[in-house]
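Working notes for the structure below.
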Amino acid sequence: MDTNQYLEMFLEESKEHLQACNEQLLELEKNPDDLAIVNEIFRAAHTLKGMSATMGYEDIANLTHKMENVLDAIRNAKIRVTSEILDVVFESSDALEEMVIDIEQGGSGKKDVEKLVTMLNQIEAGKSPLEAVHEKMEEVQTADDSEGLVYDDFEQTVVSQSIEQGFHAFELKVILRDDCLLKAARVFMVFEILEKAGEIIKTYPTVERLENEEFDNQFTVVIVTKEDADELQAKVQKVSELEKAEIRPVQFQSAAIETAATTEAAITPPVSETAKQPAKKEPAKTENGAAKRSTNAHSANKTIRVNIDRLDVLMNLFEELVIDRGRLQSIAAELQNAELNETTERMTRISGDLQNIILNMRMVPVETVFNRFPKMVRQLARDLDKKINLEIIGAETELDRTVIDEIGDPLVHLIRNALDHGVESPAERIAAGKPEEGTVTLRAYHSGNHVFIELEDDGAGVNRARVLKKAIERDIVTEEIAETLTDKQVAELILSSGFSTAEKLTDVSGRGVGLDVVKSTIESLGGHISIESKEGQGSLFQVQLPLTLSIISVMLVQMQKEIFAVPLSSIIETAIIQNADILNAHNQRVIDFRGKIVPLVDLREIFDTGLPEEPEELKSVVIVRKGENLAALVVDSFIGQQEIVLKSLGNYLQSVFALSGATILGNGQVALIVDCNALIK
Amino acid sequence: MTTEVENKVMKTIVFQLLDKEYAIEVDVVQSIEKLLLMTITRIPGVPSYVKGVINLRGMVTPIVDLRNRFDLPEMEYNDNTRIIIVNLENFDVGLIVDDANDVIDIPANALESQPEVVGSVESEFVAGVAKIEKRLLVMLNLDNVLRPIRNVNADEN
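Respectively, the protein sequence lines represent chains A and B.
Quick note on my numbering: the first sequence kicks off at 3 and runs consecutively.
Quick note on my numbering: the second sequence kicks off at 83 and runs consecutively.
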């Protein structure tokens, strides 16, 4: 089967399922008795198994199958969840991930999983997985080698569905003569005949092994066909050097009852009856249902990958279209042709929707970066022998794709650092009167034109004396200057480049390994990193990143004929005030806003738009804030709320007062974005 | 027939400002746009020669009026007025000129580095003058013409 066209989809979905597995496993570790979680993992593993089997990745299918058995045993309360078992399952999912990545990079997805499979088998058998490593794994071999083929649920579904549609499903066992020379050639001939007759859904051994002549002198093919058994058998037997071809209808032996099923297999009812037998049909049906359910779950996050450059091109082309749309609108307005007006209106509406879609395509929740951290923290905590609880807040915060791609590595660095140098060992923590388990919080949120990502821990914090000592040793600061530095400045010393050149810094209870790399990466993105730390209480690393090309919500306001955008994140509310409400304090006009004195800032003055001739009785104001401080911006009128794409003014116009960028409006015109932070002292 | 005596030739775009012809290297020119088709958004608080920004196929591009920059008398924009989009190392800027319609090869030896007479244009803006047949072309030093604008107010904050 040519599976290349499905490869992308397979990779994408496998990753999703593995991610789901990982997340749920971490959950399971916290609540070992919650069987609902086991079910979730089972479902993910199950789908992955079916997919990989269909795609011909036997190793993945094999390993997931064993994983599934273990999960099944847990589900049926045969074995209890222990961290030992979870370690093996985690290791398996790591191995699966490696294989998937291998496939993604053009590999065959093969990996020696025997050891893991053995361990999983042991767990399933109720033994400790560690014993398994030493034992030989004969059981595994025999399980697959039995006379009856084992069908997974996907194959069962295929078979039962084909039968419902009037096809027959046969197991065709081909035995070659002992003196057969070119076994692979015979296999090929048999396959050729069968492929004309119907669809091959499974072989034993695998196709690959057959092609490599890695089999004795017999093989089994499962085929779905419209032809009947005798006809097919006769055709196959025409191939020379064939001992014989046995044919029989497909019989299901579910994986769980594979050993017990041999006796049942002897009584082989004809295919047509199989289909009608209610007892046989029942499991097939439920499987069907399960398959449908999981496909539904997929459709929610079915994805395709698009090169970001293409999206850029699309976006720019679209913006040109918008300009022409604006022109068309004005032409239509002039001509007053009803039909033209109608068409233009429709086009305007559709292209508006289109614009939203294009803009949103570039935004990715920061979750895609964050979701690899729980597992990493778990592993690191084990390696370091520490107890750490990772909390993630704001994973849904959306960021432009280009930024997302870059921030992963710096964050990994920061988290490692927090775990290694920040959080103390359980003993130290107890001695310091803290809970045994350290808490590390990863937080993301939007603020203004920036995204903030914070990493906070309740560990030891930066040890001022030691950091200063190091810094002086390394000539980063002089002793005189060192005296005058604030705690914050001292903490930030660990980001300086000389600081991290030390090969070993574990004797410093602060931090410092390679953080200069983090700093330079973040700065290359136009971002900023700062540290706040209290000795003995923990540290907060704050990474501020610009939304280089990002969508933000703004309030569009009008002054004279000009349109400005005020970021919604800065706005508290809008109001209409009367001239009588304006008070004077120290030559500054202020208003009383809910009991607070708020200075009035006339944007028309600041932006030099030319003042209106007569003072109006009513004024429109936008109340904005910077931290605790408020200001009331006076504007001519409000246009409304809108999502816009943030664009920089470029390097020619560096730091223009009170403007943080520009955007292109629906009519193709540029509107400037007001930087409220600059307007409030 | 072309004379291959001089092998070093600079290809330039020639444009008009008032009664003089100026030239910039063709390499830095990205495109030439009709000004009347563009809507310029004014930017408050910048030097008056920065007319504002335009939407150039999705890119917000600042526009500099060269007449203003060179302290030449202002003129109403008309159908011939062009915006030459230049592509410098760190940024794109559009230059408003009276007209732009010529591409001329200037042999390197035709360029005089010390301009004797350059009218009202500040000499720091001029890289040299070339006399091609009867035309006098002023080569611009774009790096000096387009020094990035930093706002003093913003720095105080």
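All C-beta atoms, glycine included, are put in the ideal place defined by N, C-alpha and C.
Taken through DSSP and simplified to helix, strand or coil, H452/A comes out as strand.
Of the residues S113/B, M120/B, L193/B, V110/B, the one whose Cα lies closest to the Cα of N669/A is M120/B. Shown here for T205/A: same chain residues with a beta carbon closer than 6 Å to its own, the five before and five after excluded, namely V223 in chain order.
For N226/B, there are no C-beta contacts with chain A under 8 Å, since the nearest C-beta of that chain is about 13 Å from it. Not a single C-beta of chain B is nearer than 8 Å to the C-beta of V366/A. Taking M69/A as the centre and dropping the five residues before and after it, the same chain places the C-beta of A47, V91, S94, L122 closer than 7 Å to its C-beta, in chain order.
Between the C-alpha atoms of D187/B and L218/B there is a straight-line separation of about 13 Å. When the beta-carbon positions are compared, T163/B and D174/B stay at least 8 Å from each other.
In this structure, G140/B and I122/B do not form a Cβ contact; the two beta carbons are roughly 16 Å apart against a cut-off of 8 Å. Between V40/A and R77/A, the beta carbon gap of about 5 Å places them in contact (Cβ cut-off 8 Å). Distances from the alpha-carbon of T227/A to those of D459/A, Q381/A, E166/A put E166/A closest.
Secondary structure at Q590/A: strand, using DSSP grouped into helix, strand and coil. Buried is the label assigned to A446/A, since at least 16 other Cβ atoms lie within 10 Å of its Cβ. For K246/A, the enclosing beta strand (DSSP E) starts and ends at 244 to 251. The beta carbons of L361/A and F375/A sit no closer together than 8 Å. For Q562/A, no beta strand (DSSP E) segment is defined, and its DSSP state is neither H nor E. Residue-level contact by beta carbon holds for R139/B and chain A, with a gap shorter than 8 Å. Look at the segment 648 to 671 of chain A: the residues with a C-beta under 9 Å from a C-beta of chain B are K649, S650, L651, G652, N653, Y654, L655, Q656, S657, V658, F659, A660, L661, G663, A664, T665, I666, L667, N669, G670, Q671. DSSP places Q643/A inside the beta strand (DSSP E), whose first and last residues are 639 to 647. Of all residues in the segment 130 to 162 of chain B, only V132, G134, V135, I136, N137, R139, G140, M141, V142, T143, P144, V146 place a beta-carbon less than 9 Å from a beta-carbon of chain A.
Distance from the CA atom of P144/B to the CA atom of S555/A, rounded to whole angstroms, is 24 Å. In the three-state DSSP reduction, M120/B falls in the coil class, being neither helix nor strand. Taking A660/A as reference, the option from K563/A, M349/A, P569/A with the minimal CA-CA separation is P569/A.
From the listed residues E456/A, K112/A, L37/A, I641/A, the smallest Cα separation to H530/A is found for E456/A. With a cutoff of 8 Å on beta-carbon distance, T208/A and E60/A are scored as near each other. Segment contact: the segment 123 to 131 of chain B against the segment 209 to 225 of chain B, fewer than three CB-CB distances shorter than 8 Å; contact not assigned.
Under DSSP, A105/B forms a beta bridge with V96/B, M221/B.
When DSSP reads this structure, H170/A sits in a beta bridge with T227/A. As for any alpha helix (DSSP H) of minimum length 4 sitting wholly inside the segment 310 to 362 of chain A, the runs are 310 to 337, ordered along the chain. Judged by DSSP in its simplified three-state form, K471/A adopts helix. For a Cβ distance threshold of 7 Å, residue set P126 of chain B lies close to F609/A, ordered along the chain. In terms of beta-carbon proximity, N169/B stays away from the interface with chain A, with every pair separated by 8 Å or more.
When the alpha-carbon of L30/A is set against those of I87/A, V626/A, H19/A, I533/A, the nearest one is in I87/A. Contact annotation: Q112/B and I167/B have beta-carbon atoms nearer than 8 Å.
Bounds of the alpha helix (DSSP H) holding N123/A are 116 to 126.
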